[in-house]
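Below is one structure; the comments refer to it alone.
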Amino acid sequence: MLSQPMRNRICFAYSSLVACIAIGFLYRIVLKIALNIHFFHRTGPNSFSFIDYVAFYSAGKIVLSSARDQIYQFATQLAAYNNTVTQSLGVSTSIDHIPLGQSVPWFFLFLAPFALLPILASYIIWSLAGIGLSGLALWNLLKQSGHKTLFSALFLLCVAGSYPYEWLINDGQNSAFILAAFGLMLYSWFRGNDTASGVALALMSIKPQYAVFLAIPALAFKRWRLLGSAAATGTVFLITSALVFGVKTLIEYPALLHATEKTDPAVFPTWMVSIRGPLSIVMDLDRALNISTILYAASFCILLFFWWKVAGLGNSTKTRIAFGITLVACLLTSPHTHIYDLVIFAAIAAIVPIRSVFEVGSMPRAFKVWSWVITLYPLISFAVYLGTEVKACGEIVGVGFFVIDCCLLALLIWLYRSADLIVSPET
3 MLSQPMRNRI
13 CFAYSSLVAC
23 IAIGFLYRIV
33 LKIALNIHFF
43 HRTGPNSFSF
53 IDYVAFYSAG
63 KIVLSSARDQ
73 IYQFATQLAA
83 YNNTVTQSLG
93 VSTSIDHIPL
103 GQSVPWFFLF
113 LAPFALLPIL
123 ASYIIWSLAG
133 IGLSGLALWN
143 LLKQSGHKTL
153 FSALFLLCVA
163 GSYPYEWLIN
173 DGQNSAFILA
183 AFGLMLYSWF
193 RGNDTASGVA
203 LALMSIKPQY
213 AVFLAIPALA
223 FKRWRLLGSA
233 AATGTVFLIT
243 SALVFGVKTL
253 IEYPALLHAT
263 EKTDPAVFPT
273 WMVSIRGPLS
283 IVMDLDRALN
293 ISTILYAASF
303 CILLFFWWKV
313 AGLGNSTKTR
323 IAFGITLVAC
333 LLTSPHTHIY
343 DLVIFAAIAA
353 IVPIRSVFEV
363 GSMPRAFKVW
373 SWVITLYPLI
383 SFAVYLGTEV
393 KACGEIVGVG
403 FFVIDCCLLA
413 LLIWLYRSAD
423 LIVSPET
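The structure is reproduced here in structure tokens:
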């Protein structure tokens with residue numbers, strides 16, 4: 003049995019290590035911005051790949067222009083993209099191919115205010131907003147679950163020190179806002195505020211593959227106000243999008259999305275951390291997409307039945323773990339999941355019972371393992387990050403995190419089966 007002073011030293015040493023990793027990631031991002039405010043990666047002697055935020059910013063510019071009704075036209079996006087890059091570089095630039103922006107129309111509406119600023123200031127504000135909102139959501143969840151301030155601060159440090167979060171900020175992706183919305187949904191769910199929870203669920207629809215799965219608990223628990231709130235908010239998004247982009251654009255969007263996912267290599271299917279990633283490495287890309295879509299639909303049906311059983315138990319701990327099983331199953335089977343989307347899992351880590359690794363002696367073995375895994379996750383993800391130094395790094399990272407998520411799903415199922423031995427957190 004370690005003495006309290008020794009525990010404090012170990013805790014301080016580990017926290018310092020994670021802090022160094024987080025600071026290292028931050029330094030890497032800040033240095034890249036300072037030396038390269040044009041947001042590109044060199045992929046070859048005369049080849050460059052711009053981060054995702056360049057496409058987001060360009061889409062916001064289209065929303066503010068008279069060409070907004072053609073926002074899903076390749077020529078329109080390419081012209082806006084080249085204009086953004088030209089303004090950033092200060093010299094005329096002509097790029098002949100970009101990944102077609104395929105986000106839902108209402109997400110493009112959210113981008114318009116950020117496109118009013120120069121791209122560097124826009125990227126910084128975008129990143130700070132995502133960090134701030136996701137951090138606030140996690141903090142509220144941790145406090146709601148009864149965790150102390152020091153534990154909550156260390157938890158946020160571990161999130162910041164994880165490789166998926168670094169990739170998210172480095173690429174300017176939007177998953178921090180998904181995490182913030184999911185955190186608000188869970189916080190409101192356990193407070194019984196179905197209206198706010200429904201609004202948060204609708205906000206998650208900027209990546210609808212996740213919102214669809216996370217509507218299942220509300221169906222199972224017959225929380226109709228939550229579903230009504232989500233439907234009302236979603237209707238506002240649809241009507242506003244129709245007014246801005248035109249009804250025709252909305253009607254044609256599903257077909258465009260399917261065609262882009264099926265044919266555009268710029269979606270990087272072999273890099274995905276869902277089952278589609280490994281399948282795309284070993285078989286035809288079209289077949290991999292079809293199989294992953296079938297598995298996604300099958301998982302949805304299985305989870306409907308699973309949640310029907312959860313709703314009849316009245317066990318708060320099992321409900322929390324069931325949210326985790328649902329999210330990880332969605333991440334593993336979704337036809338489109340990249341590494342930055344894994345940050346959403348932080349909300350699950352915040353609501354499932356967890357203790358300091360020095361205080362797990364009386365807990366069931368499954369919860370001991372869970373506490374250790376969540377504590378060590380920054381180091382586990384950093385080990386996968388080291389694989390980015392070799393060729394085919396995207397595939398290595400994708401498969402690595404796919405395996406990690408498979409292990410997390412197995413662990414959550416084990417937790418669920420052991421949950422009767424745990425006292426539910428106060429909510």
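Under this note's numbering, think of the first position of the sequence shown as 3, with each following residue one higher. Cβ atoms here follow ideal geometry from the backbone N, Cα and C, with glycine treated the same way.
Relative to the C-alpha of residue i, which candidate in the options has its C-alpha closest?
i    : options                : result
N175 : G132, L156, Y212       : The sequence shown places Gln at residue 175, not Asn. Of the candidates G132, L156, Y212, the one whose C-alpha sits nearest the C-alpha of Q175 is G132.
I97  : S105, P107, T86        : T86
G62  : K264, W416, L118, S243 : L118
I415 : F369, L378, D196, L381 : F369
T295 : K150, R419, S276       : S276
A217 : A421, C303, A139       : C303
Y55  : I253, Y83, Q75         : Y83
I356 : A349, H340, I376       : I376
V214 : L306, K150, L258       : L306
I241 : F58, S94, W108, S383   : W108
L388 : Y379, L378, V399       : V399
L140 : F153, S94, T262        : F153
L130 : A222, L245, S177       : S177
Y165 : L411, R419, A412, Y379 : Y379
H2   : V354, A244, L381, L228 : Because residue 2 is not part of the residues shown, which for the chain are 3 to 429, the question remains open.
T223 : Y212, G194, A198, P210 : Checking the sequence, you will find Phe at residue 223 rather than Thr. Nearest of Y212, G194, A198, P210 to F223, Cα basis: G194.
A244 : Q72, I341, S420, S60   : Q72
T328 : A299, L229, I341, H340 : A299
I323 : S94, T197, L411, I127  : L411
I283 : I293, L159, P271       : P271
I121 : S60, L221, H338        : S60
Y212 : L258, I406, I382, V330 : V330
A198 : K209, F179, A114, A232 : A232
A261 : T88, A57, Q104         : Q104
Are there 16 or more other CB atoms within 10 angstroms of the CB of residue i, so buried, or fewer, so exposed?
i    : result
W191 : buried
M285 : exposed
I100 : buried
A123 : exposed
P280 : buried
S301 : buried
L417 : buried
V269 : buried
S49  : Here the model assigns S49 a pLDDT of 44, short of 50, so the residue's position is not dependable, and the following value carries that caveat. Burial call: exposed.
D422 : exposed
G326 : buried
C409 : exposed
T321 : buried
L111 : buried
D288 : exposed
W374 : exposed
W128 : buried
G134 : exposed
I253 : exposed
T45  : With a pLDDT of 48 at T45, under the threshold of 50, the predicted position of this residue should be treated as unreliable, though the coordinate-derived value follows. With fewer than 16 other Cβ atoms within 10 Å, it is exposed.
V405 : exposed
What residue range does the alpha helix (DSSP H) around residue i cover?
i    : result
R437 : Residue 437 lies beyond the range of the chain shown here (3 to 429); nothing can be said about it.
M187 : 177-193
V269 : V269 -> no alpha helix (DSSP H), and no H or E assigned at all.
R278 : 278-284
D450 : Here the chain comprises residues numbered 3 to 429, so residue 450 is not present and cannot be evaluated.
T237 : 226-247
I133 : 121-146
R70  : That residue, R70, is in no alpha helix (DSSP H); it is neither H nor E in DSSP.
T295 : 287-313
F153 : 151-162
A222 : 218-222
G200 : 196-205
W374 : 367-387
F110 : 107-113
A117 : Here A117 belongs to no alpha helix (DSSP H), and DSSP marks it neither H nor E.
A421 : That residue, A421, is in no alpha helix (DSSP H); it is neither H nor E in DSSP.
I346 : Premise fails: I346 is in no alpha helix (DSSP H) and is neither H nor E.
Practice task
Please determine if the region 303-313 and the region 139-151 are in contact, where contact requires at least 3 C-beta pairs separated by less than 8 Å.
Solution key: Contact between the region 303-313 and the region 139-151 is absent: fewer than three C-beta pairs spanning the two stretches fall below 8 Å.
Handout entry: Cβ contact check for the region 317-327 and the region 244-258: 3 or more pairs under 8 Å
Key = Flag = no, the region 317-327 and the region 244-258 do not touch.
Practice task
Inspect the CB distances between the region 190-204 and the region 229-239 and report whether three or more fall short of 8 Å.
Solution key: Under the Cβ criterion (8 Å, minimum of three pairs), the region 190-204 counts as touching the region 229-239.
Exercise for the section: Inspect the CB distances between the region 158-175 and the region 65-78 and report whether three or more fall short of 8 Å. Expected result: No: fewer than three Cβ pairs fall under 8 Å.
Practice task
Tell me, please, whether the region 179-197 touches the region 335-349 by the rule of three or more beta-carbon pairs shorter than 8 Å.
Solution key: Because the criterion of three Cβ pairs below 8 Å is met, the region 179-197 and the region 335-349 touch.
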